[in-house]
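So the sequence shown is numbered by our numbering: it starts at -3 and just counts up by one.
Yeah, the Cβ is synthetic: ideal placement off N, Cα and C, and Gly gets one too.
Keep in mind the model is a prediction, meaning the values are calculated, not measured.
What follows is a set of notes on a single structure, which appears directly below.
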Amino acid sequence: MAVTVGQPAPEFTLHETPDRQRSLHDYRGRNVVLVFFPGAFTGVCTTEMCALRDRIDQFGALNAEVIGITVDAPFVQQAWKAANNVAYTFLSDYNREVVNAYDVAFPGLAGMQGYVAANRAVTVIDGGGVVRYHWVAGSLGVEPDYEEIRAAVAALA
């Protein structure tokens, strides 16, 4: 299923930690910036997640929650967050349901046949659960336009 601007965002429930799950509907009433990325502890992904960390106050001022989603296990995500002093939420899509629902699955990462990661992508969802912005990288080495994301969230105010 493809994500379409103007349509309801696919619902999901994922692990934040091994014993805590979060669902998209937990954020109703707030704008959500879903940031899909291939993997923790990798170069471009670390640059991207830290760039968002450094802009987190801008998103908070716009009533927006930033949520990173990767197929990494929650243990890896929590270690990465601690190593990079990141306070926003990371969710583990280890069974690839959400990357498939949002049509951002990336098969064969680094030439590993059978391994499916998340492509680099950003989806902005308004407080009512409707997709308002969706960007998918043409190449894993391309970071999103952070100002364009901020503007998409600001337009929801």
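message: Let me check one thing: in DSSP terms, what residues is tryptophan 131 bridge-paired to?
response: Val118
- prompt: valine 149 to glycine 125, Cα distance in whole Å?
  reply: 13 Å
task: Spatial neighbours of proline 103 within its chain, please: CB distance less than 6 Å, with the 5 preceding and 5 following residues excluded, ordered by chain position.
output: Val112
- request: Could you spell out where the alpha helix (DSSP H) holding glycine 64 opens and where it closes?
  value: That residue, glycine 64, is in no alpha helix (DSSP H); its beta strand (DSSP E) goes 60 to 66.
query: Starting from asparagine 96 and walking both ways along the alpha helix (DSSP H), at which residues does that stretch end?
result: 93 to 97
- prompt: So, using beta-carbon positions, are threonine 66 and glycine 35 closer together than 7 Å?
  reply: Cβ atoms of threonine 66 and glycine 35: closer than 7 Å.
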